[in-house]
Each structure stands twice: as structure tokens, then as C-alpha cells.
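Here's the structure we're looking at; comments come further down.
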Amino acid sequence: MDIKNGLERGPFNDKQAEKLNEALSGLDSGQLQWLSGYFSGIGQVSPATIATADQQEPAASRNTAFVSEPEKLNILFGSHTGNSEALAFNLASIAKEKGIETEVSDMASFKPRNLKKITNLAVIVSTHGLGEPPIQAEDLYNFLHSKKAPDLSHVRFSVLALGDTSYVDFCQTGKDFDIALEKLGAQRISSRQDCDVDYEEEAEAWQQSFLQALIKFSDSGSSVKVKNNTAAGVKEQKYSRKNPFEATILEKVRLNGRGSSKETIHLELDLEGSGLQYEPGDALGVFGANPPSLIEKVLSVTNLSGNEMVKSHKGEKSLMEALTYDYELTPLSRINLSKYEELTGSRKLKEVLSDNMKILEYLAGRDFLDLLEEEPHKFEPNELLSVLRKNTPRMYSIASSQDAVEDEVHLLVSVVRYSAFGREKEGHCSATLADRLQVDDKVKVFVDKNSRFKLPTDPEAPVIMVGPGTGVAPFRAFMQHREVSEKKGPSWLFFGDRNFTTDFLYQTEWQQYLKEGVLTKADVAFSRDQEQRYYVQHRMMEKGKELYEWLENGAHFYVCGDAKKMAKDVDIALKQIIQQQGGVTPEKAEEYIKYLQISKRYQSDVY
Numbered sequence: 001m002d003i004k005n006g007l008e009r010g011p012f013n014d015k016q017a018e019k020l021n022e023a024l025s026g027l028d029s030g031q032l033q034w035l036s037g038y039f040s041g042i043g044q045v046s047p048a049t050i051a052t053a054d055q056q057e058p059a060a061s062r063n064t065a066f067v068s069e070p071e072k073l074n075i076l077f078g079s080h081t082g083n084s085e086a087l088a089f090n091l092a093s094i095a096k097e098k099g100i101e102t103e104v105s106d107m108a109s110f111k112p113r114n115l116k117k118i119t120n121l122a123v124i125v126s127t128h129g130l131g132e133p134p135i136q137a138e139d140l141y142n143f144l145h146s147k148k149a150p151d152l153s154h155v156r157f158s159v160l161a162l163g164d165t166s167y168v169d170f171c172q173t174g175k176d177f178d179i180a181l182e183k184l185g186a187q188r189i190s191s192r193q194d195c196d197v198d199y200e201e202e203a204e205a206w207q208q209s210f211l212q213a214l215i216k217f218s219d220s221g222s223s224v225k226v227k228n229n230t231a232a233g234v235k236e237q238k239y240s241r242k243n244p245f246e247a248t249i250l251e252k253v254r255l256n257g258r259g260s261s262k263e264t265i266h267l268e269l270d271l272e273g274s275g276l277q278y279e280p281g282d283a284l285g286v287f288g289a290n291p292p293s294l295i296e297k298v299l300s301v302t303n304l305s306g307n308e309m310v311k312s313h314k315g316e317k318s319l320m321e322a323l324t325y326d327y328e329l330t331p332l333s334r335i336n337l338s339k340y341e342e343l344t345g346s347r348k349l350k351e352v353l354s355d356n357m358k359i360l361e362y363l364a365g366r367d368f369l370d371l372l373e374e375e376p377h378k379f380e381p382n383e384l385l386s387v388l389r390k391n392t393p394r395m396y397s398i399a400s401s402q403d404a405v406e407d408e409v410h411l412l413v414s415v416v417r418y419s420a421f422g423r424e425k426e427g428h429c430s431a432t433l434a435d436r437l438q439v440d441d442k443v444k445v446f447v448d449k450n451s452r453f454k455l456p457t458d459p460e461a462p463v464i465m466v467g468p469g470t471g472v473a474p475f476r477a478f479m480q481h482r483e484v485s486e487k488k489g490p491s492w493l494f495f496g497d498r499n500f501t502t503d504f505l506y507q508t509e510w511q512q513y514l515k516e517g518v519l520t521k522a523d524v525a526f527s528r529d530q531e532q533r534y535y536v537q538h539r540m541m542e543k544g545k546e547l548y549e550w551l552e553n554g555a556h557f558y559v560c561g562d563a564k565k566m567a568k569d570v571d572i573a574l575k576q577i578i579q580q581q582g583g584v585t586p587e588k589a590e591e592y593i594k595y596l597q598i599s600k601r602y603q604s605d606v607y
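Numbering (UniProt numbering), first residue to last: 1 to 607.
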């Protein structure tokens, strides 16, 4: 660096420039950046103030007066599976490295009146269900949208929203928090970041942007150096979502009997050498691939060969390879429609995108090939990739306890197949596992921690488990864990499926657990073994008196499976049981449920 020439262009005479050049020439970039912040602080103080300070304060005191740290950063998280929680503590770790005091709070335990005491606020929240806030975020969400919400003009904030672009209400909860805070007068100092399932890079970029903005608005100016810490202050495993492990398939078994209308497979994967660790309640992320037949049809419609070289987000490769492993052709999402409409100017898609109900109707059953055939466009190879969603992992609740199976991980997968718009279609990942991968083949996986679906810390605490179909997977892990640890607290399983003779998943294992006393009770409901459909919620109502007694004795309640209908029906049944057996009003039953949820005695893993 030629400091002298730079100084000569400034307001310095030759003598001053020479002295400054001599003093600064031996400093490294970090020292120069520190001085930059120091002089910036001095520049914000009037000469009169400096003169007064010279007369009243020691030099040491004066030197530190201009490098005060930013005011405390409050980080609020609302999490369904634990990703928002992990990111909240991630952000706190980075902030502390920069000298920023932090306080991390679950939205459920945060008192809304304390908003008046907050100056700097980070909101990290996921979207649950169909655009709804997670249970832990409901009270704060409702408060901010109520007449009780205070003026927040003293607050500087930013929002990190987690979601899934396959849903129409992508990141809706985060968007709602962002809008509500702004309406209450809070100052947005860094733009909201909406993250898809593959959120790590976008979340890290938001963390850096927000902290830089926070420091800029603080009294310390740029005196606190912002580091590019991509590790986010947390020790990462060798293998992760960004660097999945190639696990070998050890066993693959179809669990449904002959004649079943369902196709469910049990998979055992080898994790030896990966260092991957998981607990009951965690999920395994699995990367699927598009089927060759679908890729060939897409290439035919677009008049492309597949041999063209393209720039994928995974590097330069052939179009065929990129379409196989790097992007998704099914399912179709709102993001696909938006990008396609922007590119083609399609009037039809513009009309569809104007209304959420129209979007839902259009997306149902369609894949990318349907879109290409209905709205033709002449694509360049890279242009084609630009409208596709990156290949995202599918999360499967782990069906094993590592304490029991060691270097293995077990999955329970329902294979998706359906007919729509004149073609036979399939699930992106489930069909990859069922049709295109066999024993000894490898599949890319990683562990996705779920801190919101865990066995009680007290191993003797009673547990009630509701898991129809593949929702029973984590409860198999629960029972394996309790068997190995020789902790036999009371446990009660509610399982359901279509037919007893063909669809009783892991039947012999449940019978063995009952015999050993690892499983205390089991109640089943097979919906199609009688004329009138019969589900797990109906069995729960039959056992309402005993179920309520278990809850009153401290039982933890778990539900896993379909979010759109089953989980809602189970929740309604549970409220009715509490109302009837407890002799309370619907409002009090709601309060009872909320207490169970907040105290982590009612946990759900739904999809």
C-alpha cells in the first residue's frame, strides 16, 4: 500500500504526511481496520467535547470511550423440528465472537411485555402446517397482531424465515412477523431472508448481513470487526446436508403382505466410517434422483439432447447429469410457476399465480413435464435449469436407535405412485429407493437433528405414541432405545393402517416388546377391515378415560405422520377426551393442550 501518496491527496502538509506514513506503514490490515473504526468514533464527537474530555478524563478512559459494543441482541426463535433453534444459537455464537452480548429465547417462554426493553431483535422462525406458526410461536404471533401490541419504534430488527417452496404458503410465518414488526414501527436494518429446505448458505449470508448492519447502527461504528465465519461457531460433522455421506444399502424389505393396496419398504443403511450420530426422534435426509424415462421426455419436448454442457449449481456438467441429480422435475411448485411465467410471459400462468387457490388446483398432480407440454417454450440448456428447483433431500423419521443398531440406520418408506394427466407418476425419493437402488448400492444421506421430538429426560416417564402407517417409524426407535437402556417406563402405542393381514407394520416386533414389557399397551385400528372407516383417533376416544389418566400421571404424548388430516383429527380427539374426562370447557381443554405443548409433553413430527 502506498500510504504516502494517499496522504498527500488529503488535508495534510508534507511533514504531517511523512510522519503518518512512517507510523502507518508497519501496520497490518487488521490494525488499520481497527484505527479506521477508532477515527470514525472520534469524528462523531465535536471538538468542544474532546476538549472538555481532555480536561476531565484520563487518557486511558478517553481511548475506550469510542469503541463501545452494540447494545444487547435478543434472538427469538420459533421452531418445529429444531432448525430455527439451532440457527438461533448459531447466531448468538457468532455475535459473541464479535463482542456483542446476546440473549436467546424460545418464543414460548418469551414474555411479550419485554419487547419494550429490546433494542436489537433477530427473529428466526419456521412455518408449520399450511402457513401457520409453530406451536411455540403462536402466542407471540397473536400478540403482535393484536391491539395490545406496543409501539416498537425503538427496535431494530431482521427476520430469518424457514420454509419449503413445495408449499404455496412458503415462509408465511416469517413474512407475517416481518410485516407485523414493521407496522408496529420497528426499523428493519437487514432484509428478511426466506429459506427453502436447503437453507444453510442463505442462513449464513443472512447472519453476516444482519450482524454487519447491527454493528453499523451501534455506537461503535465499525470498531468491531465482522469475520467471515462460515462455521457459524459450531463444530460441524464431517458429513452434513452440504456434504452427504454415501451409505450402502444393507437390506431392503417390502413389509406389506400380498394383495395390499400400499407399498412400504424397510431399509437398513450402513453408516460405518461416517461418524454420523443420531438419536431417536431425529430424521435422515435422503437425496433422490429423477427417473431416466421422465428426463428423456423432458429432453424430447425441449428438443435438447442432454449432451449439452451446462453450469449447474453443482458445477459444470452435461445437461443429462444435471437433470438426473441436481434438480427436480417433480413435484411442481409455486416457485417453478413464477420463474416460468417470468421467462415466458404466459398469460395463463399469470392468472393462476394471482390466487392461492388457483395455484393449489393447478399444482395438484402436475409435474414439470406437464408444464412444458401445456406452456411450450424454446429453452436454451442453462435457461431450462434456471426454472427448476434444486434437488432437495426428503426427510424420513429414523426407525432405529443407534444404541441398538450401532453403525446402521433404519428407515420406513411409503412408496408414492399415482396417475395424473394421462401418465403414471411417482415420488421423487421414495421411487428412487424402491425402484432404482438395490442392496449394495449407495445413497447420499445425512442426519437431520430434531430437538422437538425426543423421549422424556426421565426414562421412567410414561409415553403415549400415535403413529399410523409410516408414522410408527420413530416409535420403533423409541422402543429399541428403552429396551437397550433397560428403562421400561410405561408406554402405549396407537397404530393404524388399512388392513390387519397385509399392513400391520413390524407386527412381530410389537408383539415381542409387549411380551418383554418394553411396550405396556398397544391399540390398533385398521380402517378398511370393516364397512365404516375406523382410525386411530376413534380408538383413542374408546380409551379416553384411561388415556386421560395417563396424561394426569405425567405421560408424554407423541404423534407422527400425515399433517393435513391425521394429526388434526388426533388433536381434535385429544381435546374432546380432555374435555369429557376432565369435565372442563372447550376453552380449558385448549389451555390443557397448550400447557402440554409448551412443557414438551405433547410433541409432533408431521409432514
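Heads up, the beta-carbon is just placed ideally off N, CA and C, and yes, glycines get one too.
Values in this document were obtained by computation on a predicted structure and should not be read as measured data.
What is the C-beta distance between residue i and residue j, in whole angstroms, given that I count them as a contact (C-beta under 8 angstroms)?
i    : j    : result
A88  : I124 : 5 angstroms
K311 : N382 : 6 angstroms
N120 : N74  : 7 angstroms
E375 : L353 : About 12 angstroms; that fails the 8 angstroms criterion.
P468 : V536 : 5 angstroms
I118 : V168 : So it is not a contact: roughly 33 angstroms between Cβ atoms.
D495 : V524 : Just to set this straight, residue 495 is Phe in the shown sequence, not Asp. Rounded, the Cβ-Cβ distance is 5 angstroms, consistent with contact.
Buried or exposed for residue i, going by 16 or more other Cβ atoms inside 10 Å?
i    : result
H313 : exposed
S126 : buried
D435 : exposed
T432 : buried
L319 : buried
L130 : exposed
G288 : buried
Q438 : exposed
T230 : Bear in mind that a pLDDT of 37 at T230, under 50, signals an unreliable position, so the model cannot answer this.
A567 : buried
D448 : buried
T470 : buried
E591 : exposed
Give the secondary structure of residue i by DSSP, where H, G and I count as helix, E and B as strand, and everything else as coil.
i    : result
Y607 : coil
H538 : helix
R113 : helix
D440 : coil
I578 : helix
A461 : coil
D571 : helix
D139 : helix
D370 : helix
T432 : helix
E426 : strand
R156 : strand
A322 : helix
Y548 : helix
G345 : coil
F475 : helix
Sort out for me which residues DSSP pairs residue i with in a bridge.
i    : result
V466 : F494, V559
H128 : E132
D106 : F77
L411 : L267, I398
F446 : G285
K252 : L267
Which value, in whole angstroms, describes the spacing of the CA atoms of residue i and residue j?
i    : j    : result
V387 : K487 : 52 angstroms
V405 : T330 : 34 angstroms
Y602 : K444 : 32 angstroms
N290 : K425 : 11 angstroms
G78  : L162 : 10 angstroms
L493 : A522 : 5 angstroms
E380 : E361 : 29 angstroms
L245 : K565 : A small fix is needed here, since residue 245 is Phe in this sequence, not Leu. Those two C-alpha atoms are separated by around 34 angstroms.
N499 : Y534 : 11 angstroms
Q212 : E272 : 41 angstroms
E328 : S397 : 22 angstroms
L547 : I593 : 14 angstroms
S305 : L299 : 6 angstroms
A59  : F217 : Caution is warranted here: a pLDDT of 37 is assigned to A59, below 50, making its placement in the model unreliable, and the coordinate value is therefore given only provisionally. Computed Cα separation, rounded: 26 angstroms.
T440 : H410 : According to the sequence provided, residue 440 is Asp. The question's Thr does not apply to it. Straight-line Cα distance between these residues: approximately 15 angstroms.
K515 : T81  : 33 angstroms
T64  : S191 : A caution first: T64 carries a pLDDT of 36, below 50, which makes its placement in the model unreliable, though a value can still be read off. Going by the C-alpha atoms only, they are around 32 angstroms apart.
L372 : N303 : 12 angstroms
S68  : E101 : No answer about S68 holds up, because its pLDDT of 45 lies below 50 and its placement is not dependable.
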